[in-house]
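One structure below.
Numbering (our numbering), first residue to last: 20 to 132.
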């Protein structure tokens, strides 16, 4: 990608703009934050507090690639290759159904009855 981005804040603003073209504002912000967390380990608070940090080049490239895929409508679970369900990490990809939060809620309700 020809975009020269250095800091977490710059990358965050850039991918938010990419995602905003396809998603409502709040969802675009949540997606951007989740993508940065996945590839840098920085949660939302760290992204705000330490936005001047520079991720390594490989992480920055993965962030931009993931944001482009998410902007095209691909679920983050497919992009990351996993989802969390009832405390377990499940591998997912195209052709695999992503468990819904409602399914997890129902499963936990049944377990605790």
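Glycine residues also receive a C-beta, built at the ideal position from the N, C-alpha and C atoms. None of these values were measured; they are calculated from a predicted model.
Q) Who are the Cβ neighbours of residue 132 in its own chain at under 8 angstroms, not counting the five residues just before and after it? A) The residue given as residue 132 occupies position 113 in the chain shown. Closer than 8 angstroms at Cβ, skipping near neighbours: no residue.
Q: Compare the beta carbon distance of residue 143 and residue 30 with 8 angstroms and say whether it is the shorter of the two.
A: No answer is possible for residue 143: it lies beyond the span of the chain, which begins at 20 and ends at 132.
Q. In chain order, what residues of the same chain lie with their CB nearer than 7 angstroms to the CB of residue 115, ignoring the 5 residues before and after it?
A. Stepping through the chain shown from its first residue, residue 115 is reached at position 96. Correct list: empty, nothing qualifies.
Q: Go ahead and label residue 128 buried or exposed: buried means 16 or more other beta carbons lie within 10 angstroms of its beta carbon, across all protein chains shown.
A: As a first step, residue 128 is located in the chain shown; it is residue number 109 there, counting from the start. Burial is judged here by how many other beta carbons sit within 10 angstroms of a residue's own beta carbon; residue 128 has fewer than 16 and is exposed.
Q | Option in 130, 84 and 91 with minimal Cα separation from residue 41 | A | Within the chain shown, residue 41 is the residue found at index 22, counting from 1. Ranking 130, 84 and 91 by Cα distance to residue 41 puts 91 first.
Q: Tell me whether residue 130 is buried or exposed, calling it buried when 16 or more other Cβ atoms sit within 10 Å of its Cβ.
A: Here residue 130 refers to the residue found at position 111 of the chain shown. Exposed, since its Cβ has fewer than 16 Cβ neighbours within 10 Å.
**Q.** Cβ pair residue 27, residue 72 closer than 8 angstroms
**A.** Within the chain shown, numbered from 1, the residue matching residue 27 stands at position 8. Within the chain shown, numbered from 1, the residue matching residue 72 stands at position 53. Cβ distance < 8 angstroms, so residue 27 and residue 72 count as in contact.
**Q.** Backbone CA spacing between residue 126 and residue 105 [nearest angstrom]
**A.** Taking the first residue of the chain shown as 1, we reach residue 126 at position 107. Taking the first residue of the chain shown as 1, we reach residue 105 at position 86. Distance between the alpha carbons of residue 126 and residue 105: 8 angstroms.
Q. If you count every other CB in all the chains shown that lies within 10 Å of the CB of residue 67, and 16 or more means buried, which is it?
A. Here residue 67 corresponds to residue number 48 of the chain shown, with the count starting at 1. With fewer than 16 Cβ atoms within 10 Å of its Cβ, residue 67 is classed as exposed.
Q) For residue 107, which residues does DSSP report across the bridge? A) Within the chain shown, the letter at position 88 stands for residue 107. Beta-bridge pairing links residue 107 to 104.
Q) Under a Cβ-count criterion, where at least 16 other Cβ atoms within 10 Å of its own Cβ denotes burial, should residue 112 be classed as buried or exposed? A) The residue given as residue 112 occupies position 93 in the chain shown. Residue 112 comes out exposed.
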